[in-house]
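Chains as they are written, first to last, in our numbering: chain Y, 1 to 188; chain C, 1 to 188. The beta carbon of each residue, even a glycine, is placed where N, CA and C say it ideally should be.
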DNA sequence: CGGCCAGTATACCGAACGGTATAGCGCGGC
DNA sequence: GCCGCGCTATACCGTTCGGTATACTGGCCG
């Protein structure tokens with residue numbers, strides 16, 4: 001493994017455990033067994049390292065929203081496959097998802113927010129378009145695409161957070177339950 | 001207003017805008033028009049300032065969970081009054097709620113997490129007991145108290161986050177809609 | 001009056017912050 | 001053989017970090 005990948009891996013590990021601001025460049029390069037100029041050669045700045053980390057390691061998460069774009073009228077199946085994609089990603093990239101969760105409501109005037117703002121906006125738009133399309137079949141949903149996109153993602157993140165703390169398991173059963181809860185509430 | 005209150009107010013303002021780690025003691029005391037020893041006289045440390053801020057300004061939020069403790073069999077009404085309490089608090093203490101949201105998924109090994117850990121645990125326990133009690137009437141809920149407590153709070157926070165960014169209004173209509181969505185899903 | 005004490009300021013501490021100037025290394029191409 | 005270049009280290013920059021030693025002030029209590 002080359003130094004670039006080692007740096008990315010160590011930064012991810014440390015930031016997910018203690019936060020972006022709390023872990024400095026010095027500690028990351030020490031943990032990676034290299035020195036600062038090497039890190040600055042590859043990434044240019046601390047912020048550049050964060051951007052690279054997020055850009056390069058969230059591709060699978062972008063793909064998880066593909067079902068939203070190819071909605072075919074079966075809303076439950078579409079939502080289920082999105083939840084399945086997110087849960088799989090969170091399972092296989094737990095440190096990264098932990099960090100993304102911490103950035104979820106980061107202050108607007110912070111590097112963390114700026115690093116994920118575009119990604120999050122794209123996620124929301126994709127889901128809003130899905131609920132917009134679904135509203136044509138289900139008239140009573142109209143006008144609430146934004147709220148549904150946000151609460152759908154919020155539910156996914158809530159369950160992911162539970163799982164990261166050992167209070168849930170992101171398996172197919174939870175995919176079904178979560179989707180069913182979102183569609184029909186907690187009574188059924 | 002005495003210096004102690006001024007310090008609390010300025011710390012809240014700055015932290016909610018840019019994050020706890022990103023704003024240092026020096027900037028807070030300058031913004032408050034005093035010097036560091038004054039702040040250290042009242043709060044002992046940066047962390048002590050954070051603890052005091054959270055302890056002293058979240059009393060109304062603790063009260064918002066009172067309906068959970070006096071559950072009388074009407075789950076919808078209980079949840080509605082809890083949501084109403086949270087929404088009112090978020091409306092009237094927007095900067096504080098912004099900060100609490102940023103701390104929601106803070107790394108476990110961070111001052112932010114430690115500052116809100118006890119509060120959040122108490123919140124969850126209170127809600128879990130509520131859903132536990134409700135499960136006696138609604139058998140199909142059994143065993144999911146933890147998940148319901150988490151997703152209920154998650155939905156509240158998601159809507160609060162939307163409102164803080166101008167995408168929603170935390171009024172009685174949204175109280176009704178949010179509760180109804182949690183109970184019966186997005187279809188009705 | 002005298003003493004105490006809460007509150008505040010000046011000036012400072014060592015450590016860590018993000019970032020860089022400079023120089024050397026090894027390796028592929030000419 | 002040597003030039004260029006990608007990569008890496010030593011050593012350093014100015015600034016800010018959280019925190020403090022010391023001293024002064026004003027007001028209250030005896």
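CA nearest to the CA of residue i, picked from the options
{"i": "residue 26/Y", "options": "38/Y, 17/Y and 16/Y", "result": "38/Y"}
{"i": "residue 61/Y", "options": "71/Y, 45/Y and 156/Y", "result": "156/Y"}
{"i": "residue 72/C", "options": "146/C, 129/C and 57/C", "result": "129/C"}
{"i": "residue 111/C", "options": "184/C, 182/C, 54/C and 32/C", "result": "54/C"}
{"i": "residue 200/Y", "options": "17/Y, 150/Y and 58/Y", "result": "As shown, chain Y starts at 1 and ends at 188. That puts residue 200/Y outside it, with no answer to give."}
{"i": "residue 140/Y", "options": "5/C, 181/C, 56/C and 47/C", "result": "181/C"}
{"i": "residue 43/C", "options": "6/C, 131/C and 143/C", "result": "6/C"}
{"i": "residue 14/C", "options": "51/C, 134/C, 116/C and 98/C", "result": "98/C"}
{"i": "residue 45/Y", "options": "120/Y, 24/Y, 83/Y and 91/Y", "result": "24/Y"}
{"i": "residue 189/Y", "options": "114/Y, 66/Y and 178/Y", "result": "Past the edges of chain Y, shown from 1 to 188, lies residue 189/Y, and the structure says nothing about it."}
{"i": "residue 192/C", "options": "103/C, 75/C, 100/C and 166/C", "result": "Any answer about residue 192/C is impossible in this case: the structure gives chain C only from 1 up to 188."}
{"i": "residue 31/C", "options": "122/C, 52/C and 12/C", "result": "12/C"}
{"i": "residue 119/Y", "options": "183/Y, 64/Y, 35/Y and 9/Y", "result": "64/Y"}
{"i": "residue 133/C", "options": "3/C, 67/C, 117/C and 114/C", "result": "67/C"}
Residue i: CB within 8 Å of a non-hydrogen atom of the ligand GTP
{"i": "residue 14/C", "result": "Absence of the ligand GTP is noted for the structure shown, with no ligands found whatsoever."}
Cβ-based burial, residue i [other Cβ within 10 Å; buried from 16]
{"i": "residue 222/C", "result": "Residue 222/C cannot be examined here, being either before or after the span of chain C that is shown, 1 to 188."}
{"i": "residue 80/C", "result": "buried"}
{"i": "residue 137/C", "result": "exposed"}
{"i": "residue 192/Y", "result": "There is simply no residue 192/Y to check, as chain Y begins at 1 and stops at 188 in what is shown."}
{"i": "residue 16/Y", "result": "buried"}
{"i": "residue 78/Y", "result": "buried"}
{"i": "residue 145/Y", "result": "buried"}
{"i": "residue 173/Y", "result": "exposed"}
{"i": "residue 84/C", "result": "buried"}
Contact belief for residue i with residue j at Cβ below 8 Å, rounded distance in angstroms
{"i": "residue 154/C", "j": "residue 106/Y", "result": "Not a contact, Cβ separation roughly 17 Å."}
{"i": "residue 87/C", "j": "residue 175/C", "result": "6 Å"}
{"i": "residue 115/Y", "j": "residue 51/Y", "result": "6 Å"}
Chain-ordered neighbours of residue i on chain Y, where CB pairs are closer than 7 Å
{"i": "residue 186/C", "result": "141, 148, 182 and 183"}
Under 8 Å by beta carbon: chain Y residues contacting residue i
{"i": "residue 138/C", "result": "187"}
{"i": "residue 9/C", "result": "Within 8 Å Cβ-Cβ: nothing; residue 9/C doesn't reach chain Y, min ~17 Å."}
{"i": "residue 39/C", "result": "Near residue 39/C there are no residues of chain Y at all, since even the closest Cβ is about 20 Å away, more than 8 Å."}
Closer than 7 Å at the beta carbon, the chain C residues around residue i
{"i": "residue 110/Y", "result": "18, 19 and 22"}
{"i": "residue 73/Y", "result": "Result: empty, since nearest Cβ-Cβ is about 15 Å, beyond 7 Å."}
{"i": "residue 179/Y", "result": "Chain C residues near residue 179/Y: none, gap ~10 Å exceeds 7 Å."}
Within chain Y, partners of residue i - CB distance below 9 Å
{"i": "residue 106/C", "result": "19 and 102"}
{"i": "residue 168/C", "result": "146, 147 and 150"}
{"i": "residue 61/C", "result": "Under the 9 Å cutoff, chain Y gives no residues; its nearest Cβ is about 16 Å from residue 61/C."}
Residue i - DSSP class collapsed to helix/strand/coil
{"i": "residue 110/Y", "result": "coil"}
{"i": "residue 7/Y", "result": "helix"}
{"i": "residue 48/C", "result": "helix"}
{"i": "residue 167/C", "result": "coil"}
{"i": "residue 28/Y", "result": "helix"}
{"i": "residue 123/C", "result": "helix"}
{"i": "residue 83/Y", "result": "helix"}
{"i": "residue 136/Y", "result": "coil"}
Chain C contact residues for residue i, given Cβ-Cβ distances below 8 Å
{"i": "residue 48/Y", "result": "Simply none; closest approach about 18 Å."}
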